[in-house]
Amino acid sequence: MSIDWIMTTKENLRRFGPGISISAVVAVAASFLSEHYRAPVMLFALLLGMAVNFLSDEGTCKPGIEFTAREVLRVGVALLGIRISFAQISALGWEPIILVMVSVLITILVSILAARVLGFKAIFGMLTGGATAICGASAALALSAALPSDPRKEQATLFTVIGISALSTIAMIAYPMIVQTMQLDPVQAGMFLGGTIHDVAQVVGAGYSMSTKTGDTATVIKLMRVAMLLPVILCTALFTRSRGAGEGGKRPPLFPWFGIGFLVFAAINSIGWIAAPIQNAGNEMSRWCLVIAISALGMKTHLKDILTVGFRPVALMVGETVFLACLVLFSLRHL
């Protein structure tokens, strides 16, 4: 171990340590509140982070907060691949796979078109559409990491996370009632819940509140949607590269390292080389990385910035959610 490496490590710890530490403290507090009040942990992490946003303005915490919001986020996204097993996906046959692929693609394309109609950039529609179609807040964070630097990117990301978390909670309560009204059988109910609710935790809660079979089906369908994260990230990188460089003068990489990490973890898990305890630990580490990163993003945001977004982004996200639910329900009934 060379002296230079030791000195560099000590300097990085001195520079980034305070910001990483405060982000972790906020994440622990958010997890505590989430467990006791049964609300999305991402939402608590955002709100608590915003409450101490003065720490990111100047001072010793700022570099670590910037590092956490960028690099820790990407580590969490890469570790999401540990959840995926190709055997889980193939077990349900080709129809659910086609349903998930088509619904994700159509929802993102419609979201981009709707964003343009409402006067937003196509990238904002890709961000909100991807979050709606794939896996909620995690997808929003992953897609944000793949986008080039932009003065309004973090504000758009945070607004998307807040909106998606709220809509996902509403869906967890409302969608089981829709399932009962439509008299769907347990497998169809699981496909609907897994194919429409944004966040994994809410899918699990809604599915198993109805039956074990519905919960199992909903969870697998949801994991299939999570698996769509990699191709969407790659398409996003290709799209943004074709539009030119970001604010920093650099184009985003063609294959983001966290996207490659996602694929590698998914492949290793599919082979069966990851034991269940290690998989559980990887899932937990991924969750903590994402919560810590969203805490840091919250610290970089001021409430007044969120309040200036207006009605149109709300209408866009609600419309995307309703569109996805109608699309999946139509497909289950008529295809």
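So in this note's numbering, spot 312 of the sequence shown is number 349, and the numbers just go up one at a time. We put the CB at the ideal spot given by N, CA and C, even for glycine. Remember, it's a predicted structure, so these values are computed and weren't measured experimentally.
Check, Outcome
"Alpha-carbon spacing of His235 relative to Lys47, whole angstroms", "41 Å"
"Residue environment, Tyr212, which counts as buried when at least 16 other CB atoms sit within 10 Å", "buried"
"Through-space distance from Ala168 to Ala177, alpha-carbon basis", "5 Å"
"Own chain partners of Met219 with C-beta closer than 6 Å, once the 5 adjacent residues on each side are dropped", "none"
"Within 7 Å, strictly: CB atoms of Ala151 and Thr233", "no"
"Inter-stretch contact (C-beta, 8 Å, three-pair minimum) for the segment 58–68 and the segment 317–332", "yes"
"Proximity of Val216 and Ala170 at Cβ, strictly below 7 Å", "no"
"C-beta contact flag for Ala115 and Phe299 at 7 Å", "yes"
"Validate contact between the segment 90–103 and the segment 351–365 using beta carbons, cut 8 Å, 3 pairs", "no"
"Check whether Gly20 and Leu83 have beta carbons under 7 Å apart", "This structure does not reach residue 20, given that the chain is present from 38 up to 372, and the question cannot be answered."
"Distance between Gly296 and Val355 (C-alpha atoms, nearest Å)", "28 Å"
"Enclosing alpha helix (DSSP H) for Met214 [first to last residue]", "Lys190 to Met219"
"Cβ distance (whole Å) where Lys190 is taken to contact Gly227 below 8 Å", "Contact doesn't hold; Cβ gap of about 35 Å is too wide."
"Straight-line Cα distance separating Met247 from Asp222", "11 Å"
"Nearest candidate by alpha-carbon position, reference Met261, set Ala304, Val89, Gly231 and Val241", "Gly231"
"Cα-Cα separation, Leu146 to Gly156", "16 Å"
"Same chain, Cβ closer than 8 Å to Thr194, five either side skipped, listed in chain order", "Leu164, Ala177, Leu178, Ser181 and Leu334"
"Alpha carbon of Phe367 to alpha carbon of Ile143, nearest angstrom", "13 Å"
"Cβ neighbour criterion (16 or more within 10 Å) applied to Leu50", "exposed"
"Residue span of the alpha helix (DSSP H) that contains Thr249, given as start and end", "Thr249 to Ala264"
"Rounded separation between Ile199 and Cys172 - CA only", "14 Å"
"N-terminal and C-terminal residue of the alpha helix (DSSP H) that His371 is part of", "Arg349 to His371"
"As assigned by DSSP and simplified to three states, the class of Pro77", "coil"
"Euclidean distance between Cα positions of Arg370 and Pro55", "54 Å"
"Where Cys326 sits in the DSSP three-state scheme", "helix"
"Own chain, CB closer than 6 Å to Ala203, minus 5 neighbours either side, in chain order", "none"
"4 or more residues per run - each alpha helix (DSSP H) lying fully within the segment 67–119", "78–88, 99–104 and 110–116"
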